[in-house]
Structures are given as structure tokens and as C-alpha cells.
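The numbering of the sequence shown is the numbering used here, which starts it at 141 and goes up by one.
Glycine residues also receive a C-beta, built at the ideal position from the N, C-alpha and C atoms.
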Amino acid sequence: MTVGLLALVAFALALACGTIMIYSFWLMLTSIAFWVVRVDEMINLFEGVYAAGRWPVGIYPGWLQGLLTFVVPVAFAVTVPAEALTGRLHGGTLALALALAIALFVLARLVWRTGLRRYGGASA
141 MTVGLLALVA FALALACGTI MIYSFWLMLT SIAFWVVRVD EMINLFEGVY
191 AAGRWPVGIY PGWLQGLLTF VVPVAFAVTV PAEALTGRLH GGTLALALAL
241 AIALFVLARL VWRTGLRRYG GASA
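Written out as C-alpha cells, the structure reads:
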């Protein structure tokens, strides 16, 4: 099977979107440290959920597919680039991935800046 130029471009765009989604989610999760002292368990939870992204999202039940796609965007970050390379990616899915990546990035920035504004310092 040969991969065409359009598939490579879609793959690169989907991979960039997936990277932005995972980065944004991770930033929001770690930004909780501004309000909560111990975030170790939450980071372990994220790593466990992230491990679920090793397999195609289609193998999971519907409710878990929704969770891995929209709550923790592991499915978008992993499945969409793979679909682009195999020629099974629809333009609407790529557009949704782009919109979700932008939305998560804006939200992560908002959470981070809010945390910085309310941060009182680690001393005292």
C-alpha cells in the first residue's frame, strides 16, 4: 500500500492536533497544582488513561469511546493520525480534531493564566 501526499499532509495535521490536545490536557491537569497540593494520584490516573490510547478506540464500549474521545482526548490524539495514514479519515473528523485542539489549547491557557493570577507563593 502506498501513502499519497494528501494522506501524509492529513497525517501531519492530525498528529499536530493530537500533540496539542495531549499537551493541553496535561497542562490543565498539572495546573490544578495551583489549587490542590497533591496531584500525584491525578497524574497516575492520566498515565493510565493515556495507556488506553495504545489500542484503536473502536475496541472499547461506546461510553468509553466517548470518554476517551471528548473528556480525555487520547482517542483523537492516537486514532485520527492512524486513520489518516490508512486512508480511512474523513475530512469532517480532521476538522473536528482541529477545532478540538484549538479549543483545548485556549482552555488550557485560560486555566494556566487563572492559576498564575491566583498564585500566592509557596513560602510562608
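query                                                                                                     : result
Limits of the alpha helix (DSSP H) - the one that residue 218 falls within                                : 214-226
Proximity of residue 154 and residue 229 at Cβ, strictly below 8 Å                                        : yes
CA nearest to the CA of residue 157, picked from 145, 180, 235, 171                                       : 235
For residue 192 and residue 199, the rounded distance between their alpha carbons                         : 10 Å
Counted within 10 angstroms of its Cβ, other Cβ atoms place residue 165 as buried (16 or more) or exposed : buried
Cβ-based neighbour list, residue 151, same chain, cut-off 6 Å, excluding 5 preceding and 5 following      : 221, 224, 225
8 Å CB neighbourhood of residue 189 in its chain, flanking five on each side removed                      : 208, 212, 214
Distance CB(residue 161)-CB(residue 247) smaller than 8 Å                                                 : no
Beta-carbon gap between residue 205 and residue 218 smaller than 8 Å                                      : no
Reduced DSSP secondary structure (H/G/I, E/B, other) of residue 264                                       : Annotation note: pLDDT 47 at residue 264 (below 50); position unreliable, coordinate value reported separately. Note: residue 264 maps to coil in three-state DSSP.
Span separating the alpha-carbon of residue 149 from that of residue 258                                  : 41 Å
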